[in-house]
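Here is the structure we will look at, set down as structure tokens.
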Ligand SMILES: Cc1cc2nc3c(=O)[nH]c(=O)nc-3n(C[C@H](O)[C@H](O)[C@H](O)COP(=O)(O)OP(=O)(O)OC[C@H]3O[C@@H](n4cnc5c(N)ncnc54)[C@H](O)[C@@H]3O)c2cc1C
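Numbering (the numbering used here), first residue to last: 17 to 435.
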């Protein structure tokens with residue numbers, strides 16, 4: 017017999033925790049249950065490739081809220097339990113321990129699982145992804161016996177891990193299949209800047225390099241063989257090649273998928289096509305105002321939190337729609353990157369400031385309109401430039417390039433038509 021709750025949230029990560037917290041903040045008095053397959057309470061994921069991996073920040077500081085927070089707000093956290101089935105007709109979910117939980121409304125906030133390699137040797141010991149605190153713990157436990165590390169994938173997580181391990185004295189090589197790092201998320205100027213920063217600190221960056229296989233000794237990884245035949249000897253491999261959205265039970269229950277971008281399709285209020293079922297965060301494929309209404313998924317804490325707020329407000333009877341400007345941050349060495357907007361599809365980019373000073377911004381334009389910014393150690397540009405992105409403003413590129421002119425003082429030539 018299933019106990020029934022007003023709101024059942026699947027996934028006790030950033031989005032799930034925020035839905036529960038925001039519901040109470042908005043005065044929701046119904047029963048709220050948060051089901052998560054990881055042990056323990058919701059925690060911050062970004063430090064797993066940054067200051068938690070380096071050992072600077074202890075786990076207690078990663079908790080999104082302390083234990084008393086959930087007790088005081090009467091949010092039941094059922095951890096260590098994986099939802100394996102959704103029954104939309106009966107309005108209930110089934111967990112891997114056989115328990116069933118009935119719901120009036122279901123919020124799917126299950127994020128994604130790190131993609132793994134499929135080449136020979138992918139399952140050797142010493143090969144890791146970084147998605148959970150358990151992953152980060154396993155890597156940290158191995159480090160004392162490790163001299164050489166190969167990071168496969170030059171995205172943010174791979175580069176952050178490379179920065180931490182390189183700073184810890186390991187010999188690190190990043191292998192990236194594209195002709196630059198951060199190819200999926202940033203422009204060429206930013207990519208070249210980070211490549212140079214890593215190389216200057218002794219981290220090897222191999223571009224246009226594909227992995228043929230992983231080689232081992234006694235079932236433990238001993239090297240990464242590239243397609244051109246070169247062997248990169250190592251004792252540890254970190255694979256940072258993206259995630260596969262965790263939406264299996266929802267799709268099996270008949271929810272519409274996200275098509276090309278994967279995940280599960282949601283509308284502006286984060287409803288899936290199943291009755292009374294919402295989805296948020298990394299797994300939610302939504303039409304984004306800042307991507308010209310294209311169906312996309314965003315993998316950022318801010319997106320998970322903003323979509324959580326939309327769902328909480330909707331469940332409290334408000335008309336809420338998701339239209340926040342996307343933003344993201346990354347930390348490598350002493351470089352704090354803040355990004356706003358979406359640079360994909362830009363046709364012009366303008367660099368403000370000199371990258372050699374390690375404080376600069378790249379502003380991306382499409383058809384003359386500011387669509388995104390990447391700001392390195394340039395908080396002012398980030399704060400002021402975000403408004404240019406939100407306002408979809410036409411700005412003279414020559415003025416934009418002058419770092420002496422504050423972004424807040426730029427006179428927009430015009431405003432682009434809203435979508
Ligand atoms: C190493 C790392 C560094 C990052 N750095 C940054 C950063 O600097 N800035 C930034 O904005 N973002 C960063 N991100 C991305 C950010 O953490 C994610 O976008 C965010 O966590 C998404 O929140 P979510 O709620 O969608 O998913 P998650 O936080 O992943 O939570 C989903 C939870 O659901 C659980 N789950 C999955 N399936 C089930 C199931 N069937 N039943 C029960 N539970 C389930 C998962 O195990 C997980 O605990 C980083 C991510 C990683 C991994």
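Where a beta carbon is used, it is the ideal one built from N, C-alpha and C, also for glycine.
In this structure, what does DSSP give as the bridge partners for residue 364? For the purposes of this step, residue 364 is identified with residue 348 of the chain shown, where counting begins at 1. Residue 364 is bridged to 381.
For the beta strand (DSSP E) holding residue 22, just list the boundary residues, first then last. Taking the first residue of the chain shown as position 1, residue 22 is located at position 6. Per DSSP, residue 22 belongs to the beta strand (DSSP E) from 19 to 26.
Considering only residues of the same chain and omitting the five flanking positions on each side of residue 151, which have a CB-CB separation below 8 Å? Counted from its first residue, the chain shown places residue 151 at position 135. A distance below 8 Å between beta-carbons, with the five flanking residues on each side excluded, links residue 151 to the following residues of its chain, in chain order: 64, 130, 144 and 145.
Just to confirm the assignment: which complete alpha helix (DSSP H) runs, minimum length 4, are found wholly within the region 252 to 315? Note on the region 252 to 315: whole alpha helix (DSSP H) runs with a minimum of 4 residues are 264 to 268, in chain order.
DSSP beta-bridge partners of residue 348: Sequence index remark: in the chain shown, residue 348 carries index 332 (1-based). According to DSSP, which records beta bridges pairwise, residue 348 is partnered with 351.
Beta-carbon within less than 6 Å of residue 325's beta-carbon, same chain only, minus the 5 sequence neighbours each way: which residues are those? Position 309 of the chain shown holds residue 325. Taken in chain order, the residues that qualify are 38.
In the structure shown, what three-state DSSP assignment does residue 98 receive? Position 82 of the chain shown, counting from 1, holds the residue named residue 98. Of the three classes helix, strand and coil, the one that applies to residue 98 here is coil, per DSSP.
Going residue by residue through the region 187 to 244, where are the continuous alpha helix (DSSP H) segments of at least 4 residues, counting only ones entirely within it? Residue ranges of uninterrupted alpha helix (DSSP H) with 4 or more members, entirely inside the region 187 to 244 and ordered along the chain, are 204 to 216.
With 16 other CB atoms within 10 Å as the buried threshold, where does residue 233 fall? Position 217 of the chain shown, counted from the first residue, corresponds to residue 233. Under the 10 Å beta carbon count, residue 233 is surrounded by fewer than 16 other beta carbons and is classified as exposed.
Looking at the secondary structure, which residues open and close the beta strand (DSSP E) in which residue 83 lies? The sequence position of residue 83 within the chain shown is 67, counting from 1. Segment 83 to 88 is the alpha helix (DSSP H) holding residue 83; no beta strand (DSSP E) there.
Report buried or exposed for residue 186, applying the criterion of at least 16 other Cβ atoms within 10 angstroms of its Cβ. Reading the chain shown from its first residue, position 170 is the one you call residue 186. With 16 or more other Cβ atoms within 10 Å, it is buried.
Where residue 28 and residue 350 are concerned, what is the direct C-alpha to C-alpha distance, given to the nearest angstrom? As a position in the chain shown, residue 28 is number 12, starting the count at 1. As a position in the chain shown, residue 350 is number 334, starting the count at 1. Whole-angstrom Cα-Cα distance: 31 Å.
Suppose contacts are defined by Cβ-Cβ distances below 9 Å. Is residue 317 in contact with residue 60 by that definition? Residue mapping note: residue 317 aligns to position 301 of the chain shown, counting from 1. Residue mapping note: residue 60 aligns to position 44 of the chain shown, counting from 1. Contact: yes.
Note down the Cα distance separating residue 273 from residue 296, rounded to an integer number of angstroms. By 1-based counting over the chain shown, the position of residue 273 is 257. By 1-based counting over the chain shown, the position of residue 296 is 280. Rounded to the nearest angstrom, the two C-alpha atoms are 13 Å apart.
Reducing DSSP to helix, strand and coil, say where residue 166 ends up. Position 150 of the chain shown, counted from the start, is the residue given in the question as residue 166. In the structure shown, residue 166 sits in a strand (DSSP, three-state: E or B).
Any heavy atom of ligand 1 closer than 8 Å to the Cβ of residue 98? Indexing the chain shown from 1 puts residue 98 at position 82. Answer for residue 98: yes, Cβ within range of ligand 1.
At least three beta-carbon pairs within less than 8 Å, the region 328 to 336 to the region 366 to 375: The region 328 to 336 and the region 366 to 375 do not touch, with fewer than 3 CB-CB distances between them shorter than 8 Å.
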